[in-house]
Structure formats: C-alpha cells, structure tokens
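Numbering (our numbering), first residue to last: 1 to 285.
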C-alpha cells in the first residue's frame, strides 16, 4: 500500500479530528449603534488629536442619533476637551431640541431664560426657526417698518382656555402702541440652510398700569417711553405663551417693489401656519 497520502486527504483527516466548534466560522463582533456612539464620545477625550478629530467628524454625521447621548455626556464632570467638543457638536444639532410641530419642513422652538417674573423684571425669549430638511428654506420673518417678528415680539401670543363656543384654546396677540406708514414697506426674508436654525431674541418686561398687568415688548421704546407692543396678562398665576407664524402666498408679495428691484420667487417661499411649543411664565407679586 502506498504510504504517501494525498495532501487533500491529510487535510480532511485533520479537519475530522478537530472539535466541531473549532470548525465553525468565527462570527464578526458587530458593534451596536449605541455602543459605537458611546465609543466615539469617549474618543473625544482621546490623548491622540487624530482620534479626537475623527470621532468629532463621525458624531457630526450621525446627527439626531448622537443628540441625546451627547447631551448626556455633559452630565457629571467631563474634561474641558470633552465638554468643548460636545458643545460644538450640539450647536448645529439644536434643531432636534423639543419644539412645536414641523410644518413644511420648519419648526419653531421657544425658550425663556426664566419661568417666574415680577413686575419690573424682564424675561428673554429666544425663538429658533429650525429647518428640519435637507434643502434650504426661504421664509418671511418680518416686515420692514416693524422689524423681525420674533425679535420685536409681534408674534408672541397668550394662550387662554377655550370658551363655551370655542373649538380650542384661543391665541391673544399683543397690541401695537404705534402706527406705521405702509408706503415702501416690504417683507423681510431669510433663507435657513439645511438642517440648521436661526435664533431671534426678544425682551419682555412685566409692567403694571391702571391696575392692569402686561408684557411690554419691542426692541425700542417710543419717544414718550411707551413700548412697541403690549401683551395683556392677568395678574398673578401661571400663563402660557407661544410664538405663531401664519404666512399666505400673497403675504410674500412685495406690493411696493421698485421697477428695477428683483421679485421674490413666491414658489420658493414657505407658506403655512406654524406654532412653537408652549412656554409657561408665572407672574409673582
């Protein structure tokens, strides 16, 4: 008998002699999405600059998936490097903060720097116009005589409970304390880049006069010291406010456009009814 065995026969005998488990193909160690994000956040504090840069880039690409884990990373006592990189990442991701309902790709988010205010005190209201889409959105955010809606506070509404004949809660707008001439007036637009936001800040001062309490709004005051707008609020208790933006197609038209001034392409301008989240303000004595 030939004592020389063919190579293929030797390989077969060796495989038969090995334990069955050893013959099974190794399964790849697949990292879960949650574990990957956790690892990348840890790498933001790596001693190697290249690792920190790579982790920053990959977390930015994850967008919404990384938002909550990044916020959680700020709890405790993170290092300066980790805190700095997390805050830089969270800036563009602020569009994922809770806000109002998304309409036509836009969302309004209203925040206040305090939840209690006394007579004579001011509350800073920040309105974020968030573009939740992958395309730029052009939206009307003001009118030339009055300025930007969210900065002067003209779109701040007090929300009151529905009456017997109302289908839902009512929105009470502020009252203008000044009139404007319409000649030459034109709408003001901004284009919000994809997956980003634009912030507007308004200051509301709680004042009292003739037994009434109201929020005085507006970037400037009139010569006699009066504010641009007054939003009536009942004295005492908690009140709900929200920002509202209602834009129709005809609202975007510039009726006073000069002959040589380019017209706005109305087809590219946002239209709809937009509401921010509700903010509670408590008026204290």
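Here a beta-carbon is modelled for each residue, glycine too, at the ideal position from N, C-alpha and C. Bear in mind that the values here come from a model prediction, so they are computed numbers and not experimental data.
Close beta carbons around residue i, own chain, < 6 Å, minus the five adjacent residues each side
i, result
"residue 26", "Confidence in residue 26 is poor, its pLDDT being 49 and thus under 50, which makes the residue's placement too unreliable to answer from."
"residue 284", "116, 118"
"residue 128", "109, 197, 199"
"residue 279", "110, 112, 241"
"residue 22", "Residue confidence for residue 22 is low, a pLDDT of 49 falling below 50, so the modelled location carries little weight and cannot support an answer."
"residue 64", "96"
Extent of the continuous alpha helix (DSSP H) run through residue i
i, result
"residue 51", "49-62"
"residue 88", "80-90"
"residue 152", "149-152"
Chain-order list of residues whose beta-carbon lies under 7 Å from that of residue i (same chain, five-residue window excluded)
i, result
"residue 74", "83, 86"
"residue 208", "119"
"residue 39", "none"
"residue 292", "Past the edges of the chain, shown from 1 to 285, lies residue 292, and the structure says nothing about it."
"residue 214", "207, 230, 231, 232, 233"
"residue 160", "169, 170, 172"
Rounded distance between the beta-carbons of residue j and residue i, thought under 8 Å
i, j, result
"residue 100", "residue 275", "5 Å"
"residue 226", "residue 177", "5 Å"
"residue 55", "residue 43", "4 Å"
"residue 174", "residue 156", "6 Å"
"residue 66", "residue 37", "6 Å"
Minimum C-alpha distance to residue i - residue among the options
i, options, result
"residue 190", "143, 56, 102", "143"
"residue 231", "197, 172, 163", "172"
"residue 59", "227, 241, 90, 32", "90"
"residue 273", "111, 251, 244", "244"
"residue 130", "114, 169, 149, 97", "97"
"residue 93", "145, 170, 61", "61"
"residue 152", "193, 251, 126", "126"
"residue 51", "30, 77, 81", "81"
"residue 71", "41, 48, 135, 47", "41"
"residue 211", "228, 235, 192, 194", "235"
"residue 195", "165, 267, 154, 134", "134"
N- and C-terminal bounds of the beta strand (DSSP E) containing residue i
i, result
"residue 43", "Per DSSP, residue 43 belongs to no beta strand (DSSP E); it is in the alpha helix (DSSP H), 33-43."
"residue 196", "196-209"
"residue 243", "237-247"
"residue 94", "First-last for residue 94: undefined, no H or E at that position."
"residue 227", "227-232"
"residue 171", "170-172"
"residue 146", "Premise fails: residue 146 is in no beta strand (DSSP E) and is neither H nor E."
"residue 128", "122-131"
"residue 283", "279-284"
"residue 272", "272-275"
"residue 112", "106-112"
"residue 75", "No beta strand (DSSP E) holds residue 75; DSSP gives it neither H nor E."
Contact set for residue i: own chain, Cβ-Cβ below 8 Å, skip 5 residues either direction
i, result
"residue 270", "104, 105, 106, 137, 138, 139, 140, 247"
"residue 122", "203, 204, 205, 206"
"residue 237", "282, 283"
"residue 148", "141, 142, 188, 200"
"residue 163", "170"
"residue 79", "45"
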